[in-house]
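Accompanying notes for the structure given below.
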Amino acid sequence: MIDSYGKDYLILDFDNIFITDSIEDEIIMYFPKDKLKIALADIEELLLKVFYINSYDRKKSLSKYSGGEKSIICFALIMTVIKINQIHNLKIIFNNIIESLSENNRLIIKKQMALLNKETNISIYYLKNGNLCKYIL
Amino acid sequence: MKIILAKGRYYFKERDITYNVDSDIVLNLENSLYTISGNNGIGKTAFLELLLLPLLKRNKLDFAYLEQNKNNQLYTIESSLAFCKKLDRSKDIYINWLEVLDYPKIIVADEFDKYSSSFTKILSTKISCIFLVSHLKNVQSQVQFKNIKNINICLKDNKERVIKIEKE
Numbered sequence: 009m010i011d012s013y014g015k016d017y018l019i020l021d022f023d024n025i026f027i028t029d030s031i032e033d034e035i036i037m038y039f040p041k042d043k044l045k046i047a048l049a050d051i052e053e054l055l056l057k058v059f060y061i062n063s064y065d066r067k068k069s070l071s072k073y074s075g076g077e078k079s080i081i082c083f084a085l086i087m088t089v090i091k092i093n094q095i096h097n098l099k100i101i102f103n104n105i106i107e108s109l110s111e112n113n114r115l116i117i118k119k120q121m122a123l124l125n126k127e128t129n130i131s132i133y134y135l136k137n138g139n140l141c142k143y144i145l
Numbered sequence: 271m272k273i274i275l276a277k278g279r280y281y282f283k284e285r286d287i288t289y290n291v292d293s294d295i296v297l298n299l300e301n302s303l304y305t306i307s308g309n310n311g312i313g314k315t316a317f318l319e320l321l322l323l324p325l326l327k328r329n330k331l332d333f334a335y336l337e338q339n340k341n342n343q344l345y346t347i348e349s350s351l352a353f354c355k356k357l358d359r360s361k362d363i364y365i366n367w368l369e370v371l372d373y374p375k376i377i378v379a380d381e382f383d384k385y386s387s388s389f390t391k392i393l394s395t396k397i398s399c400i401f402l403v404s405h406l407k408n409v410q411s412q413v414q415f416k417n418i419k420n421i422n423i424c425l426k427d428n429k430e431r432v433i434k435i436e437k438e
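What follows is the structure, encoded as structure tokens:
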């Protein structure tokens, strides 16, 4: 997948979803020191007040979250990265991530992504039977 | 054959999770698809691992369990097959595995339908019952089972999980 799309797209794959083992460490990976506080506050607000992940703990091992919760954390992380680092025109492929979400969480994510799209012009894609399809926001 | 998930309150200290089964749930293992539904984080995987798989084991039934993260399990399947000198690279890995397991009649699959090509291959074997956690809506149309039911898990009083069976 990286061979085919890695040059032009950011690929988020359910089977290899995180690099580190906690939300805090993921944040440290993606932000410079002076933005860590605001990034952590941002993701915390998203996870607790938008997605209602009540089991959220920034130090908790990511393996302790359910599959769907991991997908939500992945969305929240990428939204925070795009927003705080002011990344524009990013093309993202979600592989087997949307499929792990319950109906209500899909709707929330769609709404959040549509809002982000207005500010940063992101586009979301997914693979269906090996073909790349654009997700309508 | 039928097995029963008995009425009761089940508490699992290791995961601090409680399931309530209001009345006996009879599970028909012939010609059946049971989907397992519920919100993200409600405990669907834990239901499989803490209640359903032990129930199948207690009844001495052969089954294959397909985990939520395919990649992790594939390494295990491949190395187990290699260790038993049964790895056949000319075959699909799942078919190779199910063949070595003598084609279990029961499949327990955790969101495995998202890997559609692997799932279709598994469906082509002679399965009599599938338990499937899924958020996708098209699974019923992919199978031809007579008995299709949904096991729903929902939260009661923000604490305990209630398990109910409902006909599709």
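Residue numbers (the numbering used here), protein chains in the order written: chain A, 9 to 145; chain B, 271 to 438.
All C-beta atoms in this analysis are idealised placements derived from N, C-alpha and C, irrespective of residue type, glycine included.
Item: Positions along the stretch 11-43 of chain A whose CB lies within less than 8 Å of some CB in chain B; Value: PHE22, ASP23 and ASN24
Item: Chain-ordered neighbours of THR390 (chain B) on chain A, where CB pairs are closer than 9 Å; Value: Result: empty, since nearest Cβ-Cβ is about 11 Å, beyond 9 Å.
Item: Short CB-CB distance (under 8 Å) between LEU336 (chain B) and chain A; Value: no
Item: Run of the alpha helix (DSSP H) containing ILE392 (chain B), from where it starts to where it stops; Value: 386-393
Item: Short CB-CB distance (under 8 Å) between ASN310 (chain B) and chain A; Value: yes
Item: Spatial distance of GLN120 (chain A) from ILE51 (chain A) (CA atoms); Value: 13 Å
Item: Range of the contiguous alpha helix (DSSP H) that encloses CYS82 (chain A); Value: 75-92
Item: Contact list for the stretch 374-388 of chain B against chain A, Cβ threshold 9 Å; Value: ASP380, GLU381, ASP383, LYS384, TYR385, SER386 and SER387
Item: Close Cβ partners of ASN290 (chain B) (< 6 Å) along its chain, the five nearest in sequence each way excluded; Value: ARG279, GLU430 and VAL432
Item: Straight-line Cα distance separating ALA316 (chain B) from GLN94 (chain A); Value: 39 Å
Item: Stretch-stretch touch, CB-based, cutoff 8 Å, three pairs: the stretch 351-367 of chain B with the stretch 401-416 of chain B; Value: no
Item: Beta-carbon separation (whole angstroms), LEU325 (chain B) vs LEU275 (chain B), contact threshold 8 Å; Value: 6 Å
Item: Per DSSP, cross-strand counterpart(s) of VAL296 (chain B); Value: B:ILE274
Item: Buried versus exposed call for PHE353 (chain B) [16 or more other C-beta atoms within 10 Å across all chains shown]; Value: exposed
Item: Residues of the stretch 291-321 of chain B whose Cβ lies closer than 9 Å to any Cβ of chain A, in chain order; Value: SER307, GLY308, ASN309, ASN310, GLY311, ILE312, GLY313, LYS314, THR315 and ALA316
Item: Selected residue, minimal CA-CA separation from GLU284 (chain B), among B:GLU319, B:ILE295 and B:ALA379; Value: B:GLU319
Item: Span of the beta strand (DSSP E) around SER148 (chain A); Value: With chain A running from 9 to 145 in the structure shown, residue 148 (chain A) is simply not present.
Item: Span of the alpha helix (DSSP H) around SER439 (chain B); Value: The structure shown does not extend to residue 439 (chain B), since chain B is modelled only from 271 through 438, so no value can be given for it.
Item: Listed by chain order, chain B residues near ASN113 (chain A) by CB distance under 7 Å; Value: ASN310
Item: Residues from the stretch 329-356 of chain B in contact with chain A, defined by Cβ distance under 7 Å; Value: GLN338, ASN339, LYS340 and ASN341
Item: Residue range of the beta strand (DSSP E) that includes ASP21 (chain A); Value: 18-21
Item: Within chain B, the residues that ASN104 (chain A) reaches when beta carbons sit closer than 9 Å; Value: LYS340, GLU381, LYS384 and TYR385
Item: Endpoints, beta strand (DSSP E) assigned at ASN422 (chain B); Value: 417-426
Item: Member of B:GLY313, B:LEU299 and B:TYR385 whose CA lies at the smallest distance from the CA of PHE282 (chain B); Value: B:GLY313
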